[in-house]
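Numbering (numbering that gives the first Met the number 0), first residue to last: 0 to 346.
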Amino acid sequence: MFDAYIKSDRRTNIGSGGWMNIVDKFLKAKQYCQHPFEVTFHNGRKKKIYTSGEWIGEFREHTGRLDSKNVDIRCESSTTAELPPGILDAVITDPPYFANVQYAELMDFCYVWLRRLVGKDNPVFAGPSTRNENELTGNATLERGLDYFTQGLSQVFRRFSAALKPGSPFVFTFHHNSLEAYYPVVVALLDAGLVCTASIPCPAEMSASIHINGTGSSIVDTVFVNRSTGTVSRRILTRDVAGIARLVLDDLGRLEAGGLKPTLGDARCVLYGHLARLAVWYLRHSWDVNLPCTDKLNRIDLFVQELGGLKVIEGYLPKDIAVRCKRWETVREVDADYGEEEDEVSF
Ligand SMILES: C[S@@+](CC[C@H](N)C(=O)[O-])C[C@H]1O[C@@H](n2cnc3c(N)ncnc32)[C@H](O)[C@@H]1O
């Protein structure tokens, strides 16, 4: 299909160009699998750094021989996935962001057409819809609230962290405009015995969304890096509200240096990432995995109250966020955090 697309090169766009864009993206993804790369910026220009010998896939023909890898793709719920203990080198995932997107409801629009093409005999397409009782999203219509989401996420994190080699990274992204939606993430990490060693803000694909363009909504996801054992920088373990706000400004300054114009919404999301990380760190010793879900969620809320409460913490974020970030970036000693040897705390 890709060959035909490349050879004919008849790129007459009719309509919004959505189909062409999707094919282009798919093609780029396939090319990326053949030659994966990282991106760096040099003098404001994007530079691809290819990883020599690396490729992604099950097999490839390369210099006259067939290379193969073990790939295990399953179409099943992660809440019930069976995995042998200690086999994984890393878990890298992108769970649903509570109720932000109703995947099954959206997918049904494609599913009904695909089902006609593939046929109902294929077990994956046997059902009349993609709706699934194991779907892990908040959904008011289906009465799936924070408890449901928390319990499901906890099951997934427990299963996958048990399958992880000790000390290996368990990494995922998360984003929500409400702090409460981060509480299930904290519960799931604590239940799984994981410690969050970094919460790294990262511009998300939503930056391209026409729905939120110019609305001031946040386009920053947090990448949570977690491990069962390792070290964490003491610098990011502050319990002091002003110190937490400084971490947020620090992050926003870096994002701005990378070309993002941070909004107050972005600042809040970055803050929520830090609060979630800190809740895991400070609650881990007294955590009781056997408590009812609601009690666990309340325990995290109490932690935020003990810090001073969200309103007070948010009050430390300047309203003129973009201006402040710029100022912060120019006054701080940029190399200090990276250049000096950091004081690490083991866990
Ligand atoms: C944030 S999206 C990930 C999107 C993905 N990174 C991508 O670029 O396509 C979350 C995904 O989790 C899936 N999901 C929801 N409940 C699940 C479950 N119980 N087990 C496995 N996946 C689930 C959703 O259908 C959705 O595709």
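By construction, the Cβ of each residue, glycine as well, lies at the ideal position given by its N, Cα and C atoms.
- By the criterion of at least three beta-carbon pairs nearer than 8 angstroms, the segment 161 to 177 is in contact with the segment 78 to 86.
- Ser-227 and Leu-277 have their C-alpha atoms some 16 angstroms from each other.
- The bridge partners DSSP lists for Asn-121 come to none.
- In this structure, Thr-129 lies near Tyr-110, with their beta-carbon atoms less than 8 angstroms apart.
- Distances from the CB of Tyr-31 to the heavy atoms of ligand 1 are all 7 angstroms or more.
- Per DSSP, reduced to three states, the secondary structure at Cys-195 is strand.
- With a cut-off of 7 angstroms, the C-beta of Glu-343 is classified as distant from ligand 1, since no heavy atom of the ligand falls inside that distance.
- If you draw a straight line from the Cα of Ile-72 to the Cα of Ile-91, it comes to about 14 angstroms.
- Each residue's CA atom was taken as its position, placing Gly-252 and His-273 some 15 angstroms apart.
- DSSP places Lys-45 in the strand class (E or B) of the three-state scheme.
- The C-alpha of Glu-179 lies about 15 angstroms from the C-alpha of Asn-138.
- Ligand 1 approaches Thr-78 closely enough that one of its heavy atoms is under 7 angstroms from the residue's Cβ.
- Taking every protein chain shown into account, the CB of Gln-30 has fewer than 16 other CB atoms within 10 angstroms, so this residue is exposed.
- In the DSSP assignment, the residues bridged to Asp-220 are Cys-201.
- Under the DSSP definition of a beta bridge, Asn-225 partners with Phe-169, Cys-195.
- The beta carbons of Gly-229 and Thr-196 sit closer together than 8 angstroms.
- Taking the CA atoms as reference points, Tyr-96 sits about 11 angstroms from Ser-177.
- In the assembly as shown, Ser-345 is an exposed residue. Its beta-carbon has fewer than 16 other beta-carbons within 10 Å.
- Under the three-state reduction of DSSP, Val-288 is assigned to coil, being neither helix nor strand.
- Using a 10 angstroms sphere on the CB of Asn-297, the tally of other CB atoms stays under 16, which defines it as exposed.
- Pairing Thr-221 with Ile-235 gives a Cβ-Cβ distance that is not under 8 angstroms.
- The three-state reading of DSSP puts Phe-346 in coil, since its state is none of H, G, I, E or B.
- Note on the segment 83 to 171: whole alpha helix (DSSP H) runs with a minimum of 4 residues are 102 to 117, 145 to 161, in chain order.
- If you check the CB distance, Phe-169 and Asn-225 come in under 8 angstroms.
- Looking only at Asp-342, Arg-64, Glu-134, Val-185, the smallest Cα-Cα distance to Asp-287 is reached by Val-185.
- Secondary structure at Arg-64: strand, using DSSP grouped into helix, strand and coil.
- In the same chain as Asp-250, and ignoring 5 residues on each side of it, the C-beta atoms closer than 7 angstroms to its own belong to Pro-200, Val-269, in chain order.
- If you ignore the 5 residues before and after Tyr-315, its C-beta comes within less than 7 angstroms of the C-beta of Val-240, Ala-241, Ala-244, all in its own chain and listed in chain order.
- DSSP places Val-22 in the helix class (H, G or I) of the three-state scheme.
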